[in-house]
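A quick write-up on the structure given underneath.
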Amino acid sequence: MQWTARIGRRLKLRDLHILLAVVQHRSMAKAASALAISQPAVSKAIADMEDVLGLRLLDRGRYGVEPTSYGLALAKRGRAVFDELKNGVEELLFLSDPTVGELRLGSAEAMAAGILPPIIERFSRQNPRVHLSIAQALFATMQYRELRERSIDLLLGRIPQTFAENDLEADILFNDHVHVVVGKRSRWAHIRSSKLEDLVDEPWILPPPETLAGSLTTELFRANGIEVPRTPVATLSMHLCCQLAASGAFLTVLPNSILHFRGRALGLKIASRSGLTFSLAM
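Using this note's numbering, the first residue of the sequence shown is number 787, and each one after it goes up by one.
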């Protein structure tokens, strides 16, 4: 199968776009409706592609169509083609006017609850015509999938101590300390330099142990010779941790960056300092 003679000159972006729509909707009729073209035009585009490639891309049945392994492989690469094309057009627009564009960010909640808001405020003042799109990212489960699929341009958050992703780059912004935090109405807020072992029997709100944040919490307690306490509430929501700690009813563990930017407004205080740090990177 020669690229130049058989495929390069005959495979059309329009037909590839139609294939992606059919794979997404699992129906030629629905794909035609979504693309505002006729169903015969969809059928012809798929048939032309199958003729060019010499492979069946779709299995047609009573209940619609299903992509074959060939169709799935081509659709996967097709998405990358259109993504590159979109990025190329955006790059041209940026070159013609560097003050406009779009930046798609993925952010861990620890950053969204702390340092990210002032970053956005400054960036928006300096670049008022750049659109920011920000999505929450769960580092414990994503495996950098959004970056690899190019649905985001930049990822901000906590990284493991060893970053071994050969196809990605990471720059450390700063190392953040972790502290035990209480609200100003808590009785522990008025006791200077409390020891962690004194607090272990209090009600805690902590991240689930199987997450990256939970592993850091486990490390904090075990470094002090203490098992992680039983918690009435387990959550990955930094905002919920902040609010419940601020009520004075719970203790929690928070990065120092959140306390720096939000601690005073929320009425949070450090109950016990730790030497534990983690890297925040982009």
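Using N, Cα and C, we set each Cβ at its ideal position, and we do this for glycine too.
Around the beta carbon of His965, 16 or more other beta carbons lie within 10 angstroms, which makes this residue buried. Within the same chain, Cβ atoms closer than 8 Å to the Cβ of Arg1048 are found at Ala899, Gly900, Cys1028, Leu1054, the five residues on either side in sequence being excluded. Separation of Leu878 and Leu889 (C-alpha to C-alpha, rounded to the nearest whole angstrom) is 15 Å. The region 933–950 and the region 968–985 do not touch, with fewer than 3 CB-CB distances between them shorter than 8 Å. Going by DSSP, His811 is part of no beta strand (DSSP E) but of the alpha helix (DSSP H) stretching over 799–811. Proximity of the region 861–874 to the region 996–1013 falls short of the contact definition, fewer than three beta-carbon pairs being nearer than 8 Å.
At the C-beta level, Ile920 and Leu902 come within 9 Å of one another.
Around Asp953, the same chain offers Arg934 as residues with beta carbons nearer than 8 Å, after the five sequence neighbours per side are excluded.
One thing to note: Pro995 has its Cβ within 9 Å of the Cβ of Thr1004. As the crow flies, the alpha-carbon of Val808 is around 9 Å from that of Leu844. The three-state reading of DSSP puts Glu1013 in coil, since its state is none of H, G, I, E or B.
Contact between Asp801 and Ala820 is absent: CB atoms are separated by about 15 Å, not below the 8 Å threshold. Going by DSSP, Phe960 is part of no alpha helix (DSSP H) but of the beta strand (DSSP E) stretching over 958–969. Beta-bridge partners of Gln922 (DSSP): Ser893.
Across the set Arg1059, His917, Leu806, the C-alpha of Arg1059 shows the shortest separation from the C-alpha of Ala1009. Between the alpha carbons of Leu1037 and Asp962 lies a distance of about 19 Å.
Counting along the chain, Arg973 sits inside no alpha helix (DSSP H), nor does DSSP assign it H or E at all. Put simply, the backbone Cα of Phe949 is about 15 Å away from that of Phe960. In the structure shown, Ala898 adopts helical secondary structure according to DSSP, grouped into three states.
Rounded to whole angstroms, Pro826 and Lys798 show a C-alpha spacing of 17 Å.
Under DSSP, Pro853 shares a beta bridge with Leu844.
With fewer than 16 other CB atoms across the displayed protein chains lying within 10 angstroms of its CB, Glu983 is exposed. Annotation: the continuous alpha helix (DSSP H) that includes Leu985 extends over 982–985. Around the beta carbon of Pro914, fewer than 16 other beta carbons sit within 10 angstroms, so the residue counts as exposed.
Distance check between Val838 and each of Arg796, Ser829, Val867, Gly857 places Arg796 closest, using alpha-carbon atoms only.
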